[in-house]
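Structure first, then comments.
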Amino acid sequence: MPTSAPLLTADDLTVGYFLAKKAPRPVAQPLRVALWPGELVCLLGPNGAGKSTLLRTLAGLQAPLGGRLDLGGGALASLSAAARARQLSIVLTDRVEVGTLTVRELVSLGRHPHTNWLGRLSAHDEARVQAALAATNTSGFAQRPVGELSDGERQKVLLARAIAQDTPIVLLDEPTAHLDLPNRVALMRLLHGLARQTGKAILLSTHELDLALQAADRVWLLPANGQLRTGTPEDLVLSGAFAAAFAREGLAFDPATGTFALHAPTGPTVQLVGDGAPAFWTRRALEREGLVPTTSPAALRVTVAPAGGQWTSQAPGGPAEQHATVEDLLRALRLIIKNQLPS
């Protein structure tokens with residue numbers, strides 16, 4: 001959790017870019033944020049809200065349109081590129097051409113801000129490189145040319161380079177974009193552990209909303225109107241700010257489960273009796289079928305056995321029927337709705 005002083009602060013910051021003829025185009029303002037040691041922060045928001053623009057501005061890759069941005073106790077704009085590279089590392093979505101470099105050689109470049117003018121790696125530097133390879137599970141292909149890697153492998157190598165740079169702040173733009181689900185989960189777990197164990201402040205933008213809600217110590221929520229909200233994931237969900245930021249026609253965020261609903265049930269109401277995992281997944285199936293699950297009495301009733309493995313359906317005035325699987329239950333409900341319930 002946060003200790004000492006923030007590593008980076010922004011006060012009344014305006015981020016954006018310049019259009020033709022140098023006309024400024026702000027995308028988010030005024031921003032007052034801080035990155036604290038030991039925190040994993042997830043920057044969330046819909047496409048086009050300005051997440052990448054904000055990250056590039058915090059990294060010093062583009063100038064803010066207004067406000068103040070401090071890094072390490074001083075104005076970011078006053079730092080040289082070398083000094084900034086010792087304070088902050090960044091991994092962007094832009095594809096970087098690295099020629100014939102091997103994985104290990106690319107990761108070793110992360111140590112450049114810490115070496116002398118000859119660029120020679122000390123034993124300490126070599127140890128940092130090895131630790132970064134191990135942390136990202138890339139040691140097994142350290143000698144392969146980067147050009148031969150898949151997109152997912154390449155993304156992990158770029159993260160390894162940022163870890164090897166060993167800066168107090170790490171910024172990541174969509175680091176999970178090319179990873180499969182197990183590797184996305186592993187990466188979020190790695191970043192959370194890295195922040196906790198090393199005291200680094202890690203800020204990443206992501207569309208992995210469910211993972212971010214589980215892993216982030218703090219969320220920076222940037223909706224389309226550019227009015228940034230910050231807080232713990234739980235506070236932003238319970239206040240309704242999270243659902244409002246991602247409001248879309250036919251798509252609703254369920255604060256009870258922390259997920260977005262893909263379906264908008266409009267069919268008959270079904271009283272669902274039961275709890276635990278079997279009831280949760282039965283509810284999912286009923287909603288996908290277009291039904292409206294409720295705990296209140298209804299003409300159609302479904303009961304889930306506490307341990308799962310058995311479902312009971314009962315139509316109005318009819319006998320209870322047993323079902324061994326959710327598939328069997330849904331098949332029976334379709335017949336009931338077709339034959340006995342009004343459409």
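In this text, residue positions in the sequence shown follow UniProt numbering: the first is 1, and each later residue adds one.
The C-beta atom is built at its ideal place from N, Cα and C for all residues, glycine as well.
- Q214 sits in a helix when the DSSP states are folded into three classes.
- Taking C-alpha positions only, G199 is separated from L191 by approximately 11 Å.
- L335: not part of any beta strand (DSSP E); member of the alpha helix (DSSP H) spanning 326-339, first to last residue.
- Distance between R144 and P175, taken at the CA atoms: about 21 Å.
- Taking all protein chains shown into account, R120 has fewer than 16 neighbouring C-beta atoms within 10 Å of its C-beta and is therefore exposed.
- Scanning the segment 271-329 for uninterrupted beta strand (DSSP E) segments of 3 residues or longer gives 292-294, 300-304, 311-314, 320-323, listed from N- to C-terminal end.
- If you compare the alpha carbons of T266, A256, T303, P255 with that of D275, the shortest gap goes to T303.
- The Cβ-Cβ distance between A201 and S89 does not fall below 8 Å.
- Remark: C-beta atoms of H178 and G140 do not approach each other more closely than 8 Å.
- DSSP, read as helix, strand or coil, puts R248 in strand.
- Secondary structure at D235: helix, using DSSP grouped into helix, strand and coil.
- Cβ atoms of G267 and G290 come within 8 Å of each other, at about 4 Å.
- The beta carbon of G66 sits closer than 6 Å to those of T14, all from its chain and outside the five residues before and after it, given in chain order.
- The way I'd put it, the segment 56-71 doesn't touch the segment 101-117; fewer than three beta-carbon pairs between them come closer than 8 Å.
- DSSP places S205 within a strand segment (E or B) once states are collapsed to three.
- In the same chain as S296, and ignoring 5 residues on each side of it, the C-beta atoms closer than 7 Å to its own belong to Q271, in chain order.
- Collapsing the DSSP output to three states places G110 in a helix.
- By the Cβ test, the segment 37-45 is not in contact with the segment 8-27, since fewer than three Cβ pairs between them sit closer than 8 Å.
- Here the C-alpha atom of I169 lies approximately 11 Å from the C-alpha atom of P6.
- Within 10 angstroms of the beta-carbon of V41 lie 16 or more other beta-carbons, which makes it buried.
- Residue environment: R288 is assigned as exposed (fewer than 16 neighbouring CB atoms within 10 Å of its CB, all protein chains considered).
- Cβ contact annotation for R25 (same chain, cutoff 6 Å, sequence separation greater than five): G16, Y17, L19, in chain order.
- Exposure of E327 is indicated by the presence of fewer than 16 other C-beta atoms within 10 angstroms of its C-beta.
- The Cβ neighbour count for G240, taken over all protein chains shown within 10 Å, is under 16; the residue is labelled exposed.
- Per DSSP, A261 is one residue of the beta strand (DSSP E) stretching across 259-261.
- With contacts defined by Cβ atoms closer than 8 Å, R56 and L71 do not form a contacting pair.
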